[in-house]
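Data first, discussion second: the structure below is written as structure tokens.
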Amino acid sequence: MNNVGVLGIGTYVPEKVFTNEDFEKILDTSDEWITEMTGIKERRFAEDMETSDLAYEAAKEAIENSGVSKEDIDMIIVATSTGDQKFPTVATMLQHRLGLRNIPSMDQLAACTGFIYGVVTGAQFIQTGTYRHVLVVGADKLSKITDFSDRSTAVLFGDGAGAVVLGEVEEGFGMKSFDLGSNGQGGSYLYGDEEDGGNIRMNGREVFKFAVRQMGESSVIVTEKAGLDKDDIDRLVPHQANIRIMNAARERMEMPPEKMSSTIDKYGNTSAASIPLSIHHDVKNGKIKSGDNLILVGFGGGLTWGSICLTWGSNKEETHG
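So the sequence shown is residues 814 to 1134, counted in our numbering.
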């Protein structure tokens, strides 16, 4: 069976920066409180761009970075909770903008776990030999479903996109194991309120308890499935939801703070985009190198969760990023 890994990665965040001080002007809150409770200092808002625009910019960079011709992309999967409209999907809109005709494309909705679900789904097509290259994008414009009068949720979310090109990599590299799950019983804890324009509603206490437990458990599961020990993991890349949740997962893995990817201060919670945004940031800054063992782990509305253990890069000298 083929070893599937990341051949290239790309990201995009909008230009508009919205800081905690900006929130102080419209909500009864403070930079100190937001920072202490969430770890967020600022986030990006897309304003006049749609989710498909964010996805397109990230996808272009990922394809260029991969060295794969765009005509060699066999399938597109877009993980998003904020499609431009109910249909057509963001994936088909992206297919058209990239000039790729007739290849299969689909959106995948697992909320903030969407990128993990998308990578695992795409990998199956490559492992079975059905396709050679799959473009997976995590993109969300959460600002359009954020209630800016709700102090408990408004400060958390931002907009962005991240994309990867998946393909066959050499022995010893690529995806080693994965863990996916869901619990619909907890769906009422985090959902889009269709009676209120689809705005995000969250029971923060229950989501926090779920996330702390599930992120840690799933990280341990994929490490063991991969036949690795905790000490073998070079980098933990958690969904950037809340610094306290992220640290709880790190502590469950018994990893020091410097081994955890953290971009939440720069981008906030960008849902399906948060994990690829963090990977790309760490690659560019030399914190992820070819041969490193990574744990990618996330949770989201549904409630959903998922994790992947993979060895980054290939046996070539260059590092993607």
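Built from N, CA and C at the ideal position, the CB exists for glycine as well.
Note that the coordinates shown come from a computational prediction; the quantities given were computed from them, not determined experimentally.
Closer than 6 angstroms by C-beta to residue i: which residues in its own chain qualify, once you throw out the five before and the five after it? Chain order, please.
| i | result |
| --- | --- |
| D960 | N1012 |
| Q1027 | F1112 and W1118 |
| E1019 | Y1002 |
| E845 | none |
| D897 | E863, T864 and S865 |
| S1031 | D992, V1110, W1118 and S1120 |
| V819 | V977 |
| D1006 | N1012 and R1014 |
| E860 | K829 |
Nearest by alpha-carbon distance to residue i: which of the options is it?
| i | options | result |
| --- | --- | --- |
| D866 | K899, I958, T966 and T824 | T824 |
| R1014 | L969, L1049 and I1056 | L969 |
| E870 | G975, C1122 and N1106 | G975 |
| R1063 | L1109, T905, L1090 and H1093 | L1109 |
| D841 | L955, P901, D963 and T943 | D963 |
| T895 | S965, K957 and V1025 | K957 |
| A872 | L1116, E1071, D1095 and G951 | G951 |
| P1070 | K1097, P1051 and G942 | P1051 |
| S965 | S843, E860, E1008 and T934 | S843 |
| K1079 | L820, T832 and H909 | T832 |
| M850 | D887, L911, G1017 and K1097 | G1017 |
| T943 | V949, M888 and H909 | M888 |
Just to confirm, is the Cβ distance from residue i to residue j under 8 angstroms?
| i | j | result |
| --- | --- | --- |
| I1077 | G927 | no |
| D953 | P827 | no |
| F858 | K899 | no |
| N816 | F938 | no |
| V947 | I1034 | no |
| R945 | D1042 | no |
| S1120 | I929 | yes |
| G1000 | F1023 | no |
| L907 | A868 | yes |
| A875 | V982 | no |
| D1046 | I822 | Reading off the sequence, residue 1046 comes out as Ile, not Asp. Their beta carbons are not under 8 angstroms apart, which means I1046 does not touch I822 by this criterion. |
| A1061 | T893 | no |
| A936 | D920 | no |
| L1107 | R1048 | yes |
| G1114 | Y1004 | yes |
| T1083 | L955 | yes |
Apart from the five residues just before and just after residue i, which ones in its own chain have a Cβ nearer than 8 angstroms to its Cβ?
| i | result |
| --- | --- |
| F1021 | N1055, R1057 and I1058 |
| E1067 | K1043 |
| A967 | F836, L840, T959, D960 and F961 |
| T902 | V891, G896, S918, M919 and D920 |
| G1029 | A1061, A1062, E1064, R1065 and M1066 |
| D1009 | D960 |
Ignore the nearest five residues each way along the sequence and tell me which others in residue i's own chain have a CB closer than 7 angstroms to its CB.
| i | result |
| --- | --- |
| G1081 | I853, R856, L969, F970 and G971 |
| K989 | A1039, C1122, L1123 and T1124 |
| E984 | N816 |
| D1095 | R1048, S1074 and I1101 |
| P1089 | I822, T824, F928, G951, G975, A976 and V977 |
| T1036 | K1043, I1046, I1108 and C1122 |
| A924 | S894, S1084, G1113, G1114, G1115 and T1117 |
| T934 | I890 and Q921 |
| K1129 | With a pLDDT of only 48 at K1129, under the threshold of 50, the placement of this residue in the model should not be trusted, and no figure is reported. |
| E1131 | With a pLDDT of 46 at E1131, under the threshold of 50, the modelled position of that residue is not reliable, and the figure given next carries that caveat. Cβ neighbours of E1131 beyond the five flanking positions: none. |
| T848 | N833 and K854 |
| L911 | A872 and K883 |
Discussion item. With three or more C-beta pairs closer than 8 angstroms as the rule, is the region 994-1001 touching the region 879-887?
Written reply: Taking a contact to require three or more Cβ pairs closer than 8 angstroms, the region 879-887 and the region 994-1001 do not qualify as touching.
Worksheet item: In chain order, which continuous runs of the beta strand (DSSP E) of length 3 or greater are located wholly inside the region 1011-1074?
Response: List check, beta strand (DSSP E) in window: 1012-1015 and 1048-1051.
Worksheet item: Do the region 1095-1107 and the region 834-849 touch if we need at least three Cβ pairs shorter than 8 angstroms?
Response: Under the 8 angstroms Cβ criterion, the region 1095-1107 does not count as touching the region 834-849, having fewer than three qualifying pairs.
Worksheet item: Considering only residues of the region 906-971, which uninterrupted beta strand (DSSP E) runs meet the minimum length of 3 residues and lie entirely inside it, listed in chain order?
Response: Scanning the region 906-971 from its first residue to its last, the whole beta strand (DSSP E) runs of 3-plus residues come out as 918-921 and 947-954.
Discussion item. Quick check: the region 1061-1081 against the region 909-918, are at least 3 beta-carbon pairs closer than 8 angstroms?
Written reply: With a cut-off of 8 angstroms, the region 1061-1081 and the region 909-918 do not count as touching, because too few Cβ pairs lie within range.
Fill in: Secondary structure, alpha helix (DSSP H): runs of 4+ residues fully inside the region 1075-1121
Taken in chain order, the whole alpha helix (DSSP H) runs of length 4 or more contained in the region 1075-1121 are 1077-1080 and 1087-1097.
Worksheet item: Curious, which full-length alpha helix (DSSP H) runs of at least 4 residues does the region 860-910 contain?
Response: Taking only runs of at least 4 residues, the alpha helix (DSSP H) segments lying wholly in the region 860-910 are 864-879.
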